[in-house]
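Structure, as structure tokens:
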Amino acid sequence: NYKPTGQFIDVEGLKVYETGKQCDKAIIIGYDIFGIHPNTQQVCDILAAAGYYVVMPDFFKGKPWPLEGFPPKDWSGLKKWIGEAGTWEVIQPDFKKVVAFLKEKGATKMAFYGFCWGVLMALHASA
């Protein structure tokens, strides 16, 4: 029953959950395959309360893997979905938009924190 304290904003056509005061320290959150949900928003809000400006882009554009579809009976469907919606090549343009947005807002120190699928995207971003 968590009630998120942030809000959704638009960053060049990309829906982004933001929380915390804009400052020089920003964290980009990469969620798991289930997308934006209260659990990931709560983590964002906790990090914001610690003094960070936190953003969580909706990389899956409102079409995450359905919770009721996990674990999948046939893993080929999940692999196909990830190939279409969740590769670094697919999300990288949106990631770059978010980085540019954060720089415009004054962020000079940034981190990418990921959950499950988001960890893989954080590794790509750091390469």
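Numbering-wise (my numbering), the sequence shown opens with residue 10 and increments by one.
Cβ coordinates follow ideal geometry from the N, Cα and C atoms, glycine included.
Next item on the list: Could you tell me the distance, in whole angstroms, from the CA atom of residue 1 to the CA atom of residue 26?
Entry: Outside the displayed span of the chain (10 to 136) sits residue 1, for which this structure offers no information.
Notebook entry, point to check: Should residue 116 and residue 40 be called a contact, given that it needs their Cβ atoms to be closer than 8 Å?
Noted result: Contact flag unset, no.
Next item on the list: Apply the 10 Å Cβ neighbour rule to residue 111 and answer buried if 16 or more other Cβ atoms are within range, or exposed otherwise.
Entry: With 16 or more other Cβ atoms within 10 Å, it is buried.
Next item on the list: Starting from residue 28, follow its DSSP beta bridges and name the residues at the other end.
Entry: In the DSSP output, where bridge partners are listed per residue, residue 28 has 63.
Item checked: Through-space distance from residue 127 to residue 113, alpha-carbon basis -> Using only the alpha carbons, I get a separation of about 24 Å.
Margin query: Using the three-state DSSP reduction, which class does residue 123 fall into: helix, strand or coil?
Written below: Strand, per DSSP.
Check: I think residue 42 touches residue 73, with their Cβ atoms under 8 Å apart; what is that distance to the nearest whole Å?
Finding: So it is a contact: roughly 6 Å between Cβ atoms.
Next item on the list: Would you be able to state if there are at least three C-beta pairs under 8 Å between the stretch 27-34 and the stretch 50-62?
Entry: They touch, by the three-pair rule.
Checklist line | Burial state of residue 56 (16 or more Cβ within 10 Å) | finding: Label assigned to residue 56: buried.
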